[in-house]
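**Student:**
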Amino acid sequence: MWEILETYWVQLLIGYYPDGPLGGLAMTLILASVGLVLALPAGLTVCLGLISPWRPLARAVELFVFYMRSVPLIVHLLWIYFLLPLVIKGAPLWLVVLVVITLFNGAYMSQTIRAGIEALPKGQYEAARSLGLSHGRALRHVILPQALRNMLPSIVSQFVLLIKETALGSVIGLHEMTLEFMGLNDTLGDKAIPIFTLLGIAYFALCYPLTLLGRYVERRFAAPARSARATTAEASAGQA
Amino acid sequence: MKLTLHSLLACAGFTALGALGTAAHADQLDTIKAAGVLKCGVGSQYKPFSFVADPKTRKFVGYDVDICEAVATRIGVKPELVFITGATRVTDLQSSRTDLALANLTHTPERAQLVDFSNNYFATDVKIMVPASSSIKSFADLTGKRMAGISGSQHEVKVPKVITSVDLKVFPSPANAYLALEQGKVESMAGDETTLIGLIGGKRDKWRILDQPVDTQQIGIGVRKGEARVLAAVNDALTELEKSGKAARIFDQWFGKDSELKMTRSFVFAPYKQP
Amino acid sequence: MDALASIDWGVMFRPEYRVMLLQGIRNTLALTAGAIVGGLLLGMVVAFGRLASSRWIRLPATAYVELVRTIPLLVHVMFWYFAVPEMLPDDVKRVLYRHDVGFYTSLVALILYAAAFISEDIRSGIRGIAPGQAEAAHSLGFGFFDTFRLVILPQALRTTVPPLLGQAMNITKNTTVALMVGVGELAFVTRAVNDASFLSVGVYAFTTVFFLLIAIVLTALGQWYQRRYPAR
Chain A
-14 MWEILETYWV
-4 QLLIGYYPDG
6 PLGGLAMTLI
16 LASVGLVLAL
26 PAGLTVCLGL
36 ISPWRPLARA
46 VELFVFYMRS
56 VPLIVHLLWI
66 YFLLPLVIKG
76 APLWLVVLVV
86 ITLFNGAYMS
96 QTIRAGIEAL
106 PKGQYEAARS
116 LGLSHGRALR
126 HVILPQALRN
136 MLPSIVSQFV
146 LLIKETALGS
156 VIGLHEMTLE
166 FMGLNDTLGD
176 KAIPIFTLLG
186 IAYFALCYPL
196 TLLGRYVERR
206 FAAPARSARA
216 TTAEASAGQA
Chain B
7 MKLTLHSLLA
17 CAGFTALGAL
27 GTAAHADQLD
37 TIKAAGVLKC
47 GVGSQYKPFS
57 FVADPKTRKF
67 VGYDVDICEA
77 VATRIGVKPE
87 LVFITGATRV
97 TDLQSSRTDL
107 ALANLTHTPE
117 RAQLVDFSNN
127 YFATDVKIMV
137 PASSSIKSFA
147 DLTGKRMAGI
157 SGSQHEVKVP
167 KVITSVDLKV
177 FPSPANAYLA
187 LEQGKVESMA
197 GDETTLIGLI
207 GGKRDKWRIL
217 DQPVDTQQIG
227 IGVRKGEARV
237 LAAVNDALTE
247 LEKSGKAARI
257 FDQWFGKDSE
267 LKMTRSFVFA
277 PYKQP
Chain C
129 MDALASIDWG
139 VMFRPEYRVM
149 LLQGIRNTLA
159 LTAGAIVGGL
169 LLGMVVAFGR
179 LASSRWIRLP
189 ATAYVELVRT
199 IPLLVHVMFW
209 YFAVPEMLPD
219 DVKRVLYRHD
229 VGFYTSLVAL
239 ILYAAAFISE
249 DIRSGIRGIA
259 PGQAEAAHSL
269 GFGFFDTFRL
279 VILPQALRTT
289 VPPLLGQAMN
299 ITKNTTVALM
309 VGVGELAFVT
319 RAVNDASFLS
329 VGVYAFTTVF
339 FLLIAIVLTA
349 LGQWYQRRYP
359 AR
């Protein structure tokens, strides 16, 4: 099994770069990381819409979140694969996947952020307002910093979910790690068992330490976020 | 604060809608020359059209790779390989993810409505392959059996026309289909003769290709519809390759006497002939 | 933008695609139902395993959950479709390959994946019941099974059913992954019709509405349940 790694490790790591497109583990990690960095502000924006006092906006955003959560990720990918090139000519595959995971995880994280905000004692917001801070300032300087700190464990577990989601990029032909291994399976024919065992080990080696890190962070930052974690990270956790 | 946030969101929404109107339509040849790159849509594991021969160098080689290079040089830009699949090569061409569509794109009247085709640069028959030990000897024996086809090729359309009641299972790439055949998940496989020979490589005695062709195909390079200058440039490159003899040499290297397939060249680069 | 110019909302109902469509929906529902039932059964077993007092049961159960949850479902499906059949003895393999390998291997992968998450939900549901309940039941003379059946389970159900409905939704969405191994479920049919007709909008819209309807039904079910049996 390890001879396969020995022969093909470069391709599995970085695809065909620099003579060809970037792929493999590098693509998986870069996509997941950039996706996380983009999903956070996206989730924040969506969350602000959710808690907005203006009812029509809140309703519209709720419908958006419901839509993102109800439709399978693969269907989202098919839609954006079709629509994105109409807006951005020649949009590359990784961009399609990035847009999808940003919107998708943004929608999920908006719920996490909202739960994180609502888990804070009401007194915080009231005290901020009574000190003369506007709604926006209260959010920015008092509520959100505390909420985001409580959400740290959720952010780590969201990163694990993102890594797993990148695997679906293979459905539209993106050369991330899963597709590289699949290509190897096609080439080598009778080596399916070692190839897919290796692939499983690769994801496990990536995600398990991160999962442990998330649990450690949760212990350090303790109780108040309990309800936040329960409702959202678990809800999205059962997905492909 | 309320007003600012909401007007910001509204602005973002309108901008997004506006972007849908998209930019002015520059001629594609100018775009290619300006970018300095010709994006060729090729398969990522399509022996012997585009594949990696040596895992250490991870360099792509093959018939399509050489053709792409020749056309790019003619236009005066660098070639860039973009991976496509049988199912996506037309839409990738239309969405400008690729400038040219290769990967054995058969010239058919239905496709000609979606893309423009260059002169023929390849020709092959679609044939059926079975294990050498199989009892299948003719199309009649295939009734009720399972066959692997390749998505985005013409198999789903052409095969049922000549073979009755075959259980056609479609796979995303020739390599996938061949793997299914090797594992016994199907009893037969449809494919271009050159693709089939390319897949079995040295294991000629394990497989048998039925003589009777399903269809004869002329293969051209796909160009985005309406881009006359790109089409002319591609055809010029192809004519030049044929005249200089380089076309024959490229064929020999991947399909003919210098390869392990040892096929004879049955075609020349020439305009499409109505069947 | 000629792709948007020709929109046929009813493209999936055209005679040439109708048969594929019905088979696609049938396969999706079959995979979903199978995975929900299998996932529930296996999930319960694993949940009890994780709560067991013996280390020999607890550790394998925990290892199973941790392993399955950190690997993407697509990789599970690939493993079961490509690798596992090759591990079987030749005659079993030949029998398997004569049938729809893709469907059965995808079902197994879906069940194993769902069970890992369901077991977590069941486990937290049971653990959420104050231990005093079980102790009180024991001191009143209830045996293990009676304690569970009459005291723990009814209370655990109230907190567990909503997340389980969420898992049901996840399972429904997860069946789309099977398209990668050729299973003709709805997402596979969606792609096939799109490749054949190039009428993407109508095709994708149909599939989207299908999943939205399922989501609406499940959400309504969850809301009804929470109103009827609020978690105290």
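Protein chains in written order, with my numbering: chain A, -14 to 225; chain B, 7 to 281; chain C, 129 to 360. Backbone N, C-alpha and C fix where the C-beta goes; we use that ideal spot for every residue, glycine too.
1) Please list the partners that S142 (chain A) has in chain C, where partner means a Cβ-to-Cβ separation under 7 Å.
2) State buried or exposed for K107 (chain A), treating a residue as buried only when at least 16 other CB atoms are found within 10 Å of its CB.
3) If I follow the unbroken alpha helix (DSSP H) through I119 (chain B), where does it start and stop?
4) Residues of chain A with a CB under 7 Å from the CB of T270 (chain B): which are they?
5) Quick check: what's the CA-CA separation for D323 (chain C) versus V139 (chain C)?
6) Go ahead and pull the three-state DSSP assignment for N96 (chain B).
7) Are the C-beta of L202 (chain C) and some C-beta of chain A separated by less than 7 Å?
8) Mapping the DSSP letters down to three states, classify T87 (chain A) as helix, strand or coil.
9) S102 (chain B) CB to nearest chain A CB: under 7 Å?
10) By Cβ distance, which residues of its chain are closer than 8 Å to A29 (chain B), with the 5 residues on each side in sequence left out?
11) Do E240 (chain A) and T151 (chain A) have their CB atoms nearer than 7 Å?
12) Chain C partners of W64 (chain A), CB-CB under 7 Å?
13) From the DSSP output, which residues share a beta bridge with V288 (chain B)?
14) Measure the alpha-carbon distance for L238 (chain C) versus I299 (chain C) and round it to whole angstroms.
15) Do Q218 (chain B) and T112 (chain B) have their CB atoms nearer than 7 Å?
16) Over what stretch of residues does the beta strand (DSSP E) that includes V39 (chain A) continue unbroken?
17) Of the residues B:S139, B:D60 and B:R230, which one's Cα is nearest the Cα of R103 (chain B)?
18) Which stretch, first to last residue, makes up the beta strand (DSSP E) that contains Q223 (chain B)?
19) Look at the Cβ atom of F89 (chain A), then the Cβ atom of M53 (chain A), and state whether they are nearer than 7 Å.
20) Using a beta-carbon distance cut-off of less than 8 Å, what residues from the stretch 120 to 146 of chain B approach chain C?
21) So for P137 (chain B), helix, strand or coil by DSSP?
22) How about V220 (chain B) and E248 (chain B): do their beta carbons lie closer than 7 Å?
23) Quick check on the burial criterion: 16 or more other C-beta atoms within 10 angstroms. Buried or exposed for L(-3) (chain A)?
24) Please confirm whether P70 (chain A) has its beta-carbon closer than 7 Å to some beta-carbon of chain B.
25) Got a sec? Which residues, its chain only, sit under 7 Å from C32 (chain A) by beta carbon, not counting five neighbours each side?
26) For the alpha helix (DSSP H) containing G155 (chain B), name the first residue and the last one.
27) Starting from K167 (chain B), follow the alpha helix (DSSP H) in both directions and report where the run begins and ends.
28) How many Å lie between Q259 (chain B) and C74 (chain B) at the Cα?
29) What does the alpha-carbon distance come out to for the pair L292 (chain C) and V202 (chain A)?
30) At a Cβ cut of 9 Å, what residues of the stretch 129 to 161 of chain A count as close to chain C, listed as they run along the chain?
31) Under a Cβ-count criterion, where at least 16 other Cβ atoms within 10 Å of its own Cβ denotes burial, should E233 (chain B) be classed as buried or exposed?
32) So, does the CB of Y52 (chain A) fall closer than 7 Å to a CB anywhere in chain B?
33) Could one say the Cβ of A93 (chain B) lies closer than 7 Å to chain C's Cβ atoms, at least one of them?
34) On the CB-based measure, 16 or more other CB atoms within 10 Å of its CB, does D198 (chain B) come out buried or exposed?
35) Helix, strand or coil: which one does DSSP assign to D288 (chain B)?
36) Is the Cβ-Cβ distance between Q51 (chain B) and V236 (chain B) less than 7 Å?
**Tutor:** Here's the rundown:
1) In chain order: nothing, as chain C lies at least about 10 Å away.
2) exposed
3) Note that residue 119 (chain B) is Gln in the sequence shown here, rather than Ile. Per DSSP, Q119 (chain B) belongs to no alpha helix (DSSP H) and is neither H nor E.
4) Under the 7 Å cutoff, chain A gives no residues; its nearest Cβ is about 28 Å from T270 (chain B).
5) 13 Å
6) Per the sequence presented here, residue 96 (chain B) reads as Val, with Asn not at that position. DSSP places V96 (chain B) in helix when its eight states are reduced to three.
7) A Cβ of chain A is located within less than 7 Å of the beta carbon of L202 (chain C).
8) helix
9) yes
10) Low confidence applies to A29 (chain B): its pLDDT is 45, below 50, so where it sits in the model is not reliable, and the reading given next is rough at best. Taken in chain order, the list of residues that qualify is empty.
11) Any question about residue 240 (chain A) goes unanswered here, given that chain A covers just -14 to 225.
12) Contact note: W64 (chain A) reaches chain C through Y332, using a C-beta cutoff of 7 Å and chain order.
13) Residue 288 (chain B) is absent from the model: chain B starts at 7 and stops at 281.
14) 8 Å
15) no
16) Note that residue 39 (chain A) is Trp in the sequence shown, not Val. No beta strand (DSSP E) contains W39 (chain A), which DSSP labels as neither H nor E.
17) For the residues B:S139, B:D60 and B:R230, the minimum Cα distance to R103 (chain B) belongs to B:R230.
18) D221 to R230
19) yes
20) L120
21) strand
22) no
23) L(-3) (chain A) should be labelled buried.
24) yes
25) S95, I98 and R99
26) For G155 (chain B), there is no enclosing alpha helix (DSSP H); the residue is part of the beta strand (DSSP E) that begins and ends at R152 to I156.
27) Run containing K167 (chain B): H161 to V168, per the alpha helix (DSSP H) assignment.
28) 15 Å
29) 27 Å
30) V145, I148, K149, E150, T151, A152, L153, S155 and V156
31) That one is buried.
32) no
33) yes
34) Per the 10 Å Cβ criterion, buried.
35) With chain B represented from 7 up to 281, any question about residue 288 (chain B) goes unanswered, as that position is not in the structure.
36) no
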